[in-house]
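K.L.:
Just passing along the structure, written as structure tokens.
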Amino acid sequence: MDLDQAFKNQDKENKGLIDLEGLSSVLKQTGHSNESTVDLLALVDRIKQRTVTLDHVRRIIAYLDASEDTRNAFHLLAGSEKHGITRTALKEACEKHDIDLRQMNRMMDEADKNQDGLIDFEEFEAVFDKAGVSG
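Following this note's numbering, the numbering of the sequence shown begins with 14 at its first residue and continues without gaps.
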């Protein structure tokens, strides 16, 4: 089933939001594994709200469709910040691998497209792909 239609079917109140049950249903309808929806909410920073928009669902599906290597690399750098990689985490990783601070700042500035101080999975995947290390 088409993602837009699956989302619309779950958005009973036409508010542009679906709950955890709706997310689970949309994932099943679009042929995606039903991983822990709470973990997926953390990925898009929606744990408190417990609802997601169509854009959030698109980001979740992009994450689910990404290679395991890409997901593992993201989680390694993100640590407990499931919804993104902080400048501090990136700095620590760069120090371990002798990457200079200027280069790290350029990487962060290039990756953080929405300038929120976090590199979310989509931003990370774009840089990972550009570097030619995705699987």
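Even for Gly, the Cβ is constructed at its ideal location relative to N, Cα and C. Everything numeric in this text was worked out from a predicted model, so none of it was measured.
Could you check whether K104 and M117 sit closer than 8 Å to each other, using their CB atoms as the reference points?
P.N.:
For M117 and K104, yes; Cβs fall inside 8 Å.
K.L.:
Mind checking G97: buried by the 16 CB within 10 Å criterion, or exposed?
P.N.:
Answer is buried; the Cβ neighbour count reaches 16.
K.L.:
Leaving out five residues before and five after L16 in sequence, what residues of the same chain have Cβ atoms less than 8 Å from its Cβ?
P.N.:
Excluding sequence neighbours, L16 sits near V39, T43, L67, V70, R71 and I74.
K.L.:
Per DSSP, L131 is paired with what?
P.N.:
DSSP lists T99 as partners of L131.
K.L.:
Under 7 Å: does the beta carbon of T43 sit that close to some heavy atom of the ligand ZN?
P.N.:
This structure lacks the ligand ZN; in fact it carries no ligand of any kind.
K.L.:
Of the residues A106, S93, R115 and F141, which one's Cα is nearest the Cα of A124?
P.N.:
Considering only alpha carbons, the answer is F141.
K.L.:
What is the rounded straight-line gap between the Cα of S46 and the Cα of L77?
P.N.:
Cα to Cα, S46 sits roughly 8 Å from L77.
K.L.:
When you compare only the Cα positions, how much space is there between R63 and E34?
P.N.:
Distance between the alpha carbons of R63 and E34: 10 Å.
K.L.:
Which residue comes first and which comes last in the alpha helix (DSSP H) that contains D82?
P.N.:
Element bounds for D82: E81 to A91.
K.L.:
For V65, list the residues DSSP reports as bridge partners.
P.N.:
Note: V65 sits in a beta bridge opposite I31.
K.L.:
Exposed or buried, what is L114 when buried is set at 16 or more other beta-carbons lying within 10 Å of its beta-carbon?
P.N.:
With fewer than 16 other Cβ atoms within 10 Å, it is exposed.
K.L.:
Kindly indicate the opening and closing residues of the alpha helix (DSSP H) around R157.
P.N.:
Given a span of 14 to 148 for the chain in the structure shown, any question on residue 157 remains unanswerable.
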